[in-house]
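In my numbering, the protein residues as written are 24 to 246.
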């Protein structure tokens with residue numbers, strides 16, 4: 024079975040229906056917290072590696088911020104606890120190695136993506152369980168000098184909660200296959216400071232990208 028077949032089966036959850044396409048791509052709730060697990064396989068100049076992430080993310084579209092706390096596992100390396108703060112209002116991102124109390128500050132490109140991209144193509148409607156949760160899946164082709172490939176995502180019908188995400192393609196010289204599943208949605212953000220407070224040891228100036236940030240980017244191809 025090919026990697027593309029595995030991703031497709033994951034997205035449709037083994038059960039699709041042939042409902043009409045929704046009127047248009049939906050927009051995510053303004054403020055929420057959600058957990059996810061992600062697995063990435065990469066090949067860089069012939070060297071392959073596996074990367075896993077388990078994290079909790081807070082999305083605050085009102086204040087244009089995303090905060091995330093999680094654990095990164097790279098094949099052959101010990102697990103690493105990290106925190107990421109993306110401040111779209113200021114156009115900066117903080118990537119924090121919590122175990123070593125290290126932090127880098129980098130520029131954050133592009134607007135915050137509040138909705139399923141307008142250029143996304145509807146793929147299918149599927150259900151999870153005994154038709155208790157319906158999801159809509161979309162795909163989006165990326166062709167830029169930096170990235171080429173196919174991004175697929177699915178959201179729940181009605182409230183537009185993230186359900187799954189995958190990317191198959193290349194970022195620069197690196198081939199990537201990433202599959203992500205979301206769970207444990209909570210409406211609102213009970214403790215914003217836990218996600219968005221910047222540690223005192225973070226620099227006030229723009230720095231170079233850390234190895235931690237480069238590894239995290241394999242999961243989050245921009246679209």
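Each residue gets a CB set at the ideal place from its N, CA and C atoms; glycine is no exception. These numbers come from a predicted model, not from an experiment.
With a threshold of 16 other beta carbon atoms within 10 Å, residue 148 meets it and is buried. Within the same chain, 111 come within 8 Å of residue 134 by CB-CB distance, once the 5 residues on both sides are set aside. The alpha carbon of residue 56 has as its nearest neighbour, out of 113, 72, 79, the alpha carbon of 79. Taking each of 129, 85, 60, 151 in turn and checking the Cα distance to residue 225, the smallest one comes out for 129.
In the structure shown, residue 200 falls within a strand segment according to DSSP collapsed to helix, strand and coil. The residue among 125, 49, 93 with its C-alpha nearest the C-alpha of residue 218 is 93. Put simply, the stretch 189 to 206 does not touch the stretch 94 to 102. Fewer than three CB pairs are less than 8 Å apart. Cβ contact annotation for residue 178 (same chain, cutoff 7 Å, sequence separation greater than five): 49, 139, 158, 159, 184, 185, 186, in chain order. By the neighbour-count criterion, in which 16 or more other beta carbons inside 10 Å mark a residue as buried, residue 182 falls on the exposed side.
In summary, residue 127 is buried, with 16 or more beta-carbon neighbours lying within 10 Å of its beta-carbon over all protein chains present.
For residue 185, the enclosing beta strand (DSSP E) begins and ends at 185 to 194. Shown here, residue 216 sits in a helix according to DSSP, grouped into three states. Listed in chain order, the non-local C-beta contacts of residue 173 below 8 Å within the same chain comprise 162, 163, 164, 165, 190, 191, 192, local neighbours out to five positions each way being set aside. In this structure residue 76 is in contact with residue 61, their Cβ atoms being roughly 4 Å apart against a cut-off of 8 Å. Taking residue 123 as reference, the option from 114, 104, 72, 213 with the minimal CA-CA separation is 104. Around the CB of residue 242, 16 or more other CB atoms lie within 10 Å, so the residue is classed as buried.
Restricting attention to beta strand (DSSP E) runs no shorter than 3 residues, the stretch 38 to 117 encloses them at 54 to 67, 70 to 83, 88 to 97, 103 to 110, ordered along the chain. Collapsing the DSSP output to three states places residue 171 in a strand. About 5 Å separates the beta carbon of residue 53 from that of residue 84, a gap short enough to meet the 8 Å contact definition. In the DSSP assignment, residue 158 is bridged to 149, 179. Within the same chain, and ignoring the five residues on either side of residue 142 in sequence, the residues whose Cβ sits closer than 8 Å to its Cβ are 163. In this structure, residue 210 sits away from residue 194, with a CB-CB distance that is not shorter than 8 Å. Under the DSSP definition of a beta bridge, residue 209 partners with 56. When the alpha-carbon of residue 90 is set against those of 109, 229, 175, the nearest one is in 109.
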